[in-house]
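Residue numbers (my numbering): 230 to 570. Okay, structure first, notes after.
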Ligand code: NAI
Ligand code: MG
């Protein structure tokens, strides 16, 4: 049995993960789901720890993991999200954050005038370094002499391995995005690692954009991108832009990967959406497409393609939740996909 750890989390997380698990089950591949239903804000509020050492060991012992979303309006402290999401990404060394953006249907493009725009790119976000390591500190916090410092960390190992991965999966081009004109030291390291990887992959074109230009281009000409590789914070932002031009945050999938270890944690890009939690309006497509990435990485290539195709057909038929213009609830939208497998 292939064991998959499942962390539904908070808000709409359990609602969309239920649909993703039912969709995986529809293939009859004998996947064995290990549900960690207690990893949520309720547990954090009660005990101060949502994800304990034993939970991390359960996830690490699984073949892959599927996650909904972490975040609750009752919890103000960033320590909660850090203790779950960043702990899993950092401790399991899931250094690649793979975020594909593929326009599911022309009518979903927010860009006008309407015309076919085959948006189909992947943002590879460095997932273990950058601005999100927690390195830094505050001095004289609270007063007008306060100093706040968040270190933007880039290592040679961390940068070269994620850039190498981008070239490995690219079909035609890798666009490296940085701000080397203003952020000098990290920029120089990224530039050198990117050039070295480009030299190892002469069959893949290498392009460079500064992050401000990349954000603009992602809106004005999203079809021009194949694989975008960038640091943790720029990747966080650019992948949200990519998901918006590819049909909306409810459709965006992601994989947190360590390619050498062959382990992946799969999750929709969206958060716990407390504004719509419990209304059954959550779009399950981001979670279902994340489950599709899981299938592809487990080697179930035909099933992964069938899943993507079923999503495309359901969207084309308008069998969707309200965010994509349909009138179905979360469960019926998931069922509409499964009916087309
Ligand atoms: P969000 O992604 O939860 O929601 C942003 C907007 O998109 C909301 O209007 C929401 O209703 C809508 N939306 C999101 N997912 C949707 C779906 N599947 N179907 C239809 N509409 C959808 O981001 P927000 O509001 O900034 O964060 C809410 C909470 O989620 C916070 O606690 C935040 O920390 C957490 N969060 C967690 C993430 C994770 O677990 N990886 C990622 C992003 C945010
Ligand atoms: Mg984000």
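Backbone N, C-alpha and C fix where the C-beta goes; we use that ideal spot for every residue, glycine too.
1. Per DSSP, residue 329 is paired with what?
2. Confirm the yes/no value for this check: CB of residue 363, any heavy atom of ligand 1, distance under 7 Å.
3. For residue 410, count the other beta carbons within 10 Å of its own beta carbon; 16 or more makes it buried, fewer makes it exposed. Which is it?
4. Please tell me whether residue 385 and residue 353 are closer than 8 Å, where the distance is taken between their beta carbons.
5. If you reduce the DSSP assignment to three classes, tell me which class residue 508 lands in.
6. So the alpha helix (DSSP H) residue 361 belongs to, where does it begin and stop?
7. Measuring straight from C-alpha to C-alpha, what distance separates residue 333 and residue 248?
8. Counting beta carbon pairs with one atom in the stretch 238 to 245 and one in the stretch 295 to 303, are three or more of them shorter than 8 Å?
9. Excluding sequence positions up to five away, which residues of its chain have a Cβ less than 6 Å from the Cβ of residue 329?
10. Quick one: what's got a C-beta closer than 6 Å to residue 396's C-beta in the same chain, skipping five residues either side?
11. With burial defined as no fewer than 16 other Cβ atoms inside 10 Å of the residue's Cβ, what is the status of residue 571: buried or exposed?
12. Sorry if obvious, but does the Cβ on residue 465 come closer than 7 Å to a heavy atom of ligand 1?
13. I think residue 293 touches residue 527, with their Cβ atoms under 8 Å apart; what is that distance to the nearest whole Å?
14. Tell me which same chain residues have a C-beta within less than 8 Å of the C-beta of residue 501, skipping the five on either side of it?
15. Look at residue 512 and residue 553 and say whether their C-beta atoms are less than 8 Å apart.
16. Considering only the beta carbon of each residue, do residue 481 and residue 497 sit closer than 8 Å?
17. Any heavy atom of ligand 1 closer than 7 Å to the beta-carbon of residue 503?
18. Any chance the stretch 261 to 270 sits against the stretch 543 to 550, with 3 or more Cβ pairs inside 8 Å?
19. Taking 7 Å as the cut-off, is the beta-carbon of residue 550 closer than that to any non-hydrogen atom of ligand 1?
With the given structure in hand:
1. Position 100 of the chain shown, counted from the first residue, corresponds to residue 329. The beta-bridge partner set that DSSP reports for residue 329 consists of 351.
2. Within the chain shown, numbered from 1, the residue matching residue 363 stands at position 134. For ligand 1, not one heavy atom lies less than 7 Å from the Cβ of residue 363.
3. Stepping through the chain shown from its first residue, residue 410 is reached at position 181. So residue 410 ends up on the exposed side.
4. On the chain shown, position 156 is the one that residue 385 refers to. On the chain shown, position 124 is the one that residue 353 refers to. At least 8 Å separates the beta-carbon of residue 385 from that of residue 353.
5. Numbered from its first residue, the chain shown carries residue 508 at position 279. In the three-state scheme derived from DSSP, where H, G and I count as helix and E and B as strand, residue 508 is classed as coil.
6. Locating residue 361 in the chain shown gives position 132, where the first residue counts as 1. From DSSP, residue 361 is part of no alpha helix (DSSP H); its letter is neither H nor E.
7. For the purposes of this step, residue 333 is taken as residue 104 along the chain shown, with counting starting at 1. For the purposes of this step, residue 248 is taken as residue 19 along the chain shown, with counting starting at 1. When rounded, the distance between both Cα atoms is 19 Å.
8. yes
9. Within the chain shown, the letter at position 100 stands for residue 329. Once the five neighbours on either side are set aside, the close Cβ partners of residue 329 are 351.
10. Counting from 1 along the chain shown, the entry for residue 396 is found at position 167. Answer for residue 396: 403, 426, 430, 433, listed in chain order.
11. Limits of the chain in this structure are 230 at one end and 570 at the other, which puts residue 571 out of reach.
12. Within the chain shown, numbered from 1, the residue matching residue 465 stands at position 236. Checking every heavy atom of ligand 1 against the Cβ of residue 465, none is found closer than 7 Å.
13. Looking up residue 293 in the chain shown gives position 64. Looking up residue 527 in the chain shown gives position 298. Indeed they touch by this definition, with Cβ atoms about 7 Å apart.
14. Counting from 1 along the chain shown, the entry for residue 501 is found at position 272. Closer than 8 Å at Cβ, skipping near neighbours: 238, 239, 240, 241, 242, 297, 298, 299, 300, 301.
15. Taking the first residue of the chain shown as position 1, residue 512 is located at position 283. Taking the first residue of the chain shown as position 1, residue 553 is located at position 324. Taking 8 Å as the Cβ cut-off, residue 512 and residue 553 qualify as a contacting pair.
16. Residue 481 sits at position 252 when you count from the first residue of the chain shown. Residue 497 sits at position 268 when you count from the first residue of the chain shown. Against a cut-off of 8 Å, the Cβ pair of residue 497 and residue 481 comes out as a contact.
17. Here residue 503 is taken as the residue at index 274 of the chain shown, counted from 1. Answer for residue 503: yes, Cβ within range of ligand 1.
18. no
19. Residue mapping note: residue 550 aligns to position 321 of the chain shown, counting from 1. It does: the Cβ of residue 550 is within 7 Å (strictly closer) of some heavy atom of ligand 1.
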